């Protein structure tokens, strides 16, 4: 547990710069989350394109393709 002096020092410390480890970590997490969302969108678009291609085949409805909505 932090001592009283340490707590006082923390309260009086200046605001951390944008390059603080916590803020860097937060920025990295946000960038990673954004890249994963973009990746999921690309995958979904690719899946939709595959389904659209499969629908061009005459026996599409009679086969056991997995439908993706």
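In the working numbering, the protein residues as written are 13 to 81.
For glycine and all other residues, C-beta sits at the position ideal for the given N, C-alpha and C.
All of these numbers come straight from a predicted model, not from anything done at the bench.
query	result
For residue 56 and residue 40, the rounded distance between their alpha carbons	24 Å
Euclidean distance between Cα positions of residue 70 and residue 48	36 Å
Check: residue 43 C-beta below 6 Å from any heavy atom of the ligand ATP	In the structure shown, the ligand ATP is absent, as is every other ligand, since no ligand is present at all.
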